[in-house]
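Under full-length UniProt numbering, think of the first position of the sequence shown as 1, with each following residue one higher. Beta carbons: idealized from backbone N, C-alpha and C, even for Gly. Remember, it's a predicted structure, so these values are computed and weren't measured experimentally. A quick write-up on the structure given underneath.
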Amino acid sequence: MAKIAVDSFGSENAQLYTLTNSRGMQVSLTNFGARLVDILLPIDGQLRNVSLAAKSDREYMEKDSYVGSTVAPVAGRISGAATLIKGETVHFTENEPGRTLHSGNHTSNEQYWESEVEEENNRVVFSLVLPDGYNGFPGAVQVQATYELTEKNELKINYWAKSEKDTIFNPTNHVYFNLSGDFNRTVAEHMMKIQASQFLPLGEDNMPLGEFWPVDGTAFDFRQFAPLGQGMDGQDPQTKLVNGFDHPWVLEDTDIPVEVISPDEKVRLLMRSNQPAVVIYTYNHGPTDMAGRHTVFSLECQGFPNACNIENFGSILLEKDQEFDSHFSYQFEF
Ligand code: BGC
């Protein structure tokens, strides 16, 4: 049975949980935002951290509270900061002009979740109740975020939820990777493969246009391994618009839809997901006190952004008393 270390992580409400496996891989998590902190891989006799991280809850609050966190109830942007739920208009907090980003203000990523440690499964379960009407979202919604580290160096993430009212629900995890372990270096030389022949183009307001575009002949074609830098050179009109990647890819139904290899080829990341999209964001708004522009990339597993307002984007409706269950994982070979 694996021992899970518990330490303090800044203020008195914040804890840090460290999972370890027999291969020497370590993953640390905090209940502040049900957040992934470090992912440490034993390479060349040292531990290489591949996940952008801060040292305390306060540091995340000061620098960037999305990093590594659970974003719930709805990740990404909602147009008009409103939607229709079963024929009724619902308004959300407008935290960007004319839009809601990542569910509004002080949401799941800035809350202290309840924690339950399951050493027999090498797992931590974080729980939170989003109050009814919080940022406008109907609820109350019980949410669980579970992180498990396996002996195969796979970090498994599961979101479960249940609402007392009809609502919308489309959470994600906002981990940022740099597989070189050097967060001062851009991720341009990472090699990426994505099993997707379509992506969702954005408009100037960063909202999906509601169209599916083929990746052929664009910076979005990663059907064969290609450098992530092809989205950062400003050559493609879509990447020029938002200064890099900030886009959803439409994943094909396959075991490992995304693979990434570090520039020194010592780390390979394999992503699995039962969700229809992966949003890849290359920290285009950087530099911040947390990271420089293009020094990290996210792999956000979720339903399509703004699905609640776009007809052919699938449903993110979570009906009263229905159970939501999503699964995805990041496995590391090193
Ligand atoms: C979004 C970006 C946003 C960032 C905030 C990402 O998930 O796609 O547009 O700026 O989160 O950290």
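Near E204, which residues of its chain fall below 8 Å by C-beta distance, leaving aside the five closest residues on each side in sequence?
-> In the same chain as E204, and ignoring 5 residues on each side of it, the C-beta atoms closer than 8 Å to its own belong to L241, in chain order.
Nearest-angstrom Cα distance between I78 and S22?
-> 43 Å
heavy atom of the ligand BGC below 7 Å from E110 C-beta = E110: no, Cβ never under 7 Å from the ligand BGC.
Could you pull the start and end residues of the beta strand (DSSP E) that D264 belongs to?
-> Taken as a continuous stretch (DSSP letters only), D264 belongs to no beta strand (DSSP E), as it is neither H nor E.
When a residue counts only if its C-beta is closer than 7 Å to some heavy atom of the ligand BGC, which residues count, in chain order?
-> Chain-ordered, the residues whose CB falls short of 7 Å from any heavy atom of the ligand BGC come out as D64, Y66, A75, G76, L101, H102, H174, N206, D246, V279, Y281, H285, S298, E300.
Using DSSP with H/G/I as helix, E/B as strand and the rest coil, what is M191?
-> strand
Please say whether T146 and N158 have beta carbons closer to each other than 8 Å?
-> Less than 8 Å separates the beta-carbon of N158 from that of T146.
DSSP beta-bridge partners of E211 | Answer is none; E211 lacks a bridge partner.
Secondary structure, beta strand (DSSP E): runs of 3+ residues fully inside the stretch 85-163 | 88-91, 99-101, 114-118, 123-130, 141-149, 154-163
Which whole-angstrom value is the C-beta distance of V141 and F169, which I expect to be below 8 Å?
-> 7 Å
Can you find at least 3 beta carbon pairs, one from the stretch 108-126 and one from the stretch 37-55, that sit closer than 8 Å?
-> no
Are the Cβ atoms of T93 and P138 separated by less than 8 Å?
-> no
Who does A5 pair with in a DSSP beta bridge?
-> T18
First and last residue of the uninterrupted beta strand (DSSP E) at E319 = Premise fails: E319 is in no beta strand (DSSP E) and is neither H nor E.
Could you pull out every unbroken alpha helix (DSSP H) segment of at least 4 residues lying fully inside the stretch 12-76, listed in chain order?
-> Secondary structure in the stretch 12-76: the alpha helix (DSSP H) runs of 4 residues or longer, each lying completely within the stretch, are 57-63 in chain order.
Report yes or no: do three or more beta-carbon pairs, one from the stretch 242-254 and one from the stretch 274-285, lie closer than 8 Å?
-> Segments in contact, yes.
Three-pair Cβ contact test at 8 Å for the stretch 173-193 versus the stretch 294-307 | Taking 8 Å as the limit for Cβ pairs, the verdict is that the stretch 294-307 does touch the stretch 173-193.
Quick one: residues in its chain with C-beta nearer than 7 Å to the C-beta of N135, no 5 flanking neighbours on either side, listed in chain order?
-> F92, T93, S103, G104, N105, T107
Comparing alpha-carbon positions, which option in M192, S163, N178 lies nearest Q322?
-> S163
Among all the DSSP beta bridges, which residues are the ones paired with T186?
-> Beta-bridge pairing links T186 to no other residue.
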